[in-house]
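Notes to accompany the following structure.
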Amino acid sequence: MTRRTALHDRHVAAGAMMVPFGGWDMPLHYGSQIEEHHAVRRRAGIFDVSHMTVVDVDGADPGAYLARLLANDTGRLVPGRALYSCMLNADGGVVDDLIVYRRAAGAPTPWRVVVNAATREKDLAWMQAAIRGDEARLRVREDLVMVALQGPAARALAAPLLPPGLRAAALALPPFHAAEEGGIFVGSTGYTGEDGWEALLPAAAGPRFWDAAVAAGFAPSGLGARDTLRLEAGMNLYGQDMDEGTSPLVSGLAWTVAWEPAGRDFTGRAALERERAAGPAARLVGLVLADRGVMRRGQKVHTAAGAGEITSGGFSPTMNRSIALARVPTGAAGECQVDIRGALKPARIVKPPFVRNGRVLVD
Amino acid sequence: MSNVPDELKYTPEHEWVRVEGDGTVTVGITDHAQHALGELVFVELPDVDRVLKSGESCAVVESVKAASDVYAPLAGTVTAVNGALGTEPNLVNGNPFGDGWLFRMRPADGAPAGLLDAAAYRQLLDKA
């Protein structure tokens, strides 16, 4: 039974091509995913991301719970700050990636966690099973709409849509912070590599907010553009670039693991320390295809250091060529070849991101 | 419901064929095919003067989603290719039976035979 977000009829009315995703009926595009991609890089796009799983956390000691649950260190967050983290299993494999917000003093719960849509049931069971005693209580939010407002013009176009009391605080947010007032929560986070916000608001207010944003100049943008934007931004997609069988160390996510303080024991730490000490066997890199064609997930990559595999591949509208993320032997660098439908095509290993804030970063 | 012009011929691999006044045929992919593929980003076309056997893989259409081979609907020689697709591959999506044509060929054996008419192609789509 596919679920629908509160904005579903807006997508249908706008002529969206609807597809099932993670158990939800979502807009793939509204005519052209490539035009939507360009609109986000050049101006502003709005995405319905209400399918994501929002879990508010309170209880007797939710900070201790999260410090143990997550590989990144929530202990370094002051109220109003957020961080990106992986949640690991005991073998150091990634259960999911997520964003955790330490909410402002006086907020209904001290913490908010946003996990992926496709991993919802698994994540909730995992998070619930990890609770000891009364340290934490999980409140899954089913009553909210979440929209991503992304692009160089996003803040300026979205600010007038917010209540006056929240407007100034939202405009002043540095990256990875959040502000909330009157039931509206704004985080300076995103999955596109552009400036912008992700906003959570009561579902009943969602459709009117969507209409106002579109009227203000936001281009409705779907999952197709979301994927090409995040790939250009070098951002991982759970289930493709990492999964329960891969650790952050082989997934380009070593930077999200907080080893300090050394005394913080988090789930998966011991296994990760062993892997780090032995030297990870692989690493996640970016690839740029030299000529025409499109690299696809699962294709083999041949490097001087051995063979690897593409984890996410596709077309970069900004660069007008194919880019990919690939897991290759640790020593692989420079030129390589990708097996595309039986033919070896030249490609170059680069350090992601490929594009940020509208600019191509890889030469 | 995809568009299936009555005056064209079709293959089960979702190519269309139009017989031109000079005896050459124009070949493209159908509305059904472009819709299934999604937005095209690259089109690889055969060289002019290439000799093709019927059913031979001769072109590739590459979309954001997938790559798909295009097969020669009949035996013959390539006489022209649609150069506009080098910079505007999405012409195939927007106008698959017009500006989105892929290539032209001179049939080796006169008028094309063994192709589906519009009614038969529509039936094939209905069964899918």
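Keeping their order, the protein sequence lines are chains A and B.
Read left to right, the first sequence gives residues 1 to 363 (the working numbering).
Read left to right, the second sequence gives residues 364 to 491 (the working numbering).
Cβ coordinates follow ideal geometry from the N, Cα and C atoms, glycine included.
All figures in this text were calculated on a predicted structure; none of them were measured in a lab.
- In the three-state DSSP reduction, residue 87(A) falls in the strand class (E or B).
- Beyond the five residues adjoining it in sequence on each side, residue 394(B) comes within less than 8 Å, by CB distance, of 365, 366, 367, 459, 460 in the same chain, given in chain order.
- With a threshold of 16 other beta carbon atoms within 10 Å, residue 232(A) meets it and is buried.
- Note that the C-beta distance between residue 61(A) and residue 142(A) is not below 8 Å.
- If you draw a 10 Å sphere on the C-beta of residue 188(A), you find 16 or more other C-beta atoms in it, and that means buried.
- For residue 239(A), there are no C-beta contacts with chain B under 9 Å, since the nearest C-beta of that chain is about 17 Å from it.
- For the segment 379 to 406 of chain B, the residues whose beta carbon sits under 8 Å from a beta carbon of chain A are, in order, 401, 402, 404, 405.
- Within the same chain, 295, 296, 297, 324 come within 6 Å of residue 313(A) by CB-CB distance, once the 5 residues on both sides are set aside.
- For residue 430(B), the residues of chain A that pass the 7 Å Cβ criterion are 294, 341, in the order they occur in the chain.
- Boundaries of the beta strand (DSSP E) around residue 335(A): 335 to 340.
- Listed by position along chain B, the residues whose Cβ is nearer than 9 Å to that of residue 32(A) are 402, 453, 456.
- Taking 8 Å as the threshold, the shortest C-beta distance from residue 266(A) to chain B does not fall below it.
- The secondary-structure analysis by DSSP pairs residue 285(A) across a beta bridge with 326(A).
- Looking from the CA of residue 305(A), the closest CA among 288(A), 37(A), 263(A), 349(A) belongs to 349(A).
- Note on residue 420(B): under 16 other CB atoms within 10 angstroms of its CB, so exposed under the neighbour-count rule.
- Counting only unbroken stretches of 4 or more residues, the alpha helix (DSSP H) elements lying wholly within the segment 13 to 90 of chain A are 33 to 42, 62 to 69, in sequence order.
- Burial state of residue 260(A) is exposed, judged by a 10 Å Cβ sphere holding fewer than 16 other Cβ atoms.
- In this structure residue 285(A) does not touch residue 319(A) by the C-beta definition: roughly 16 Å separates them, more than the 8 Å allowed.
- The C-alpha of residue 122(A) is placed about 33 Å away from the C-alpha of residue 154(A).
- Close to residue 315(A), with beta-carbon spacing below 7 Å, are these residues of chain B in chain order: 404, 427.
- Closest in C-alpha terms to residue 291(A), from the list 406(B), 472(B), 481(B), 398(B), comes 406(B).
- Secondary structure at residue 299(A): coil, using DSSP grouped into helix, strand and coil.
- Residue pairing of residue 177(A) in beta bridges, as defined by DSSP: 81(A).
- With the rule of 3 Cβ pairs closer than 8 Å, the segment 432 to 448 of chain B counts as touching the segment 377 to 384 of chain B.
- The beta carbon of residue 115(A) is closer than 6 Å to those of 53, 96, 98, 123 in its chain, skipping five residues each way along the sequence.
- In this structure, DSSP gives residue 428(B) a state outside helix and strand, which the three-state scheme calls coil.
- Not a single CB atom of chain B sits nearer than 8 Å to the CB of residue 193(A).
- Residue nearest to residue 171(A) within the set 37(A), 335(A), 199(A), 146(A) is 199(A) (criterion: CA-CA distance).
- In the DSSP assignment, residue 97(A) falls within the beta strand (DSSP E) that extends over 94 to 102.
- Contact note: residue 224(A) reaches chain B through 401, 402, 427, 428, using a C-beta cutoff of 9 Å and chain order.
- For the pair residue 240(A) and residue 311(A), the CB atoms are nearer than the 8 Å cut-off.
- The segment 60 to 79 of chain A and the segment 30 to 37 of chain A do not touch, with fewer than three beta-carbon pairs separated by less than 8 Å.
- Along the segment 371 to 400 of chain B, the beta strand (DSSP E) occurs as fully enclosed runs of 3 or more residues at 378 to 382, 388 to 392, listed in sequence order.
- Buried is the label assigned to residue 210(A), since at least 16 other Cβ atoms lie within 10 Å of its Cβ.
- Listed in chain order, the non-local C-beta contacts of residue 92(A) below 7 Å within the same chain comprise 247, 268, 271, 272, 275, local neighbours out to five positions each way being set aside.
- Sixteen is the threshold: when 16 or more other Cβ atoms of the shown chains lie within 10 Å of the Cβ of residue 463(B), as they do, the residue is buried.
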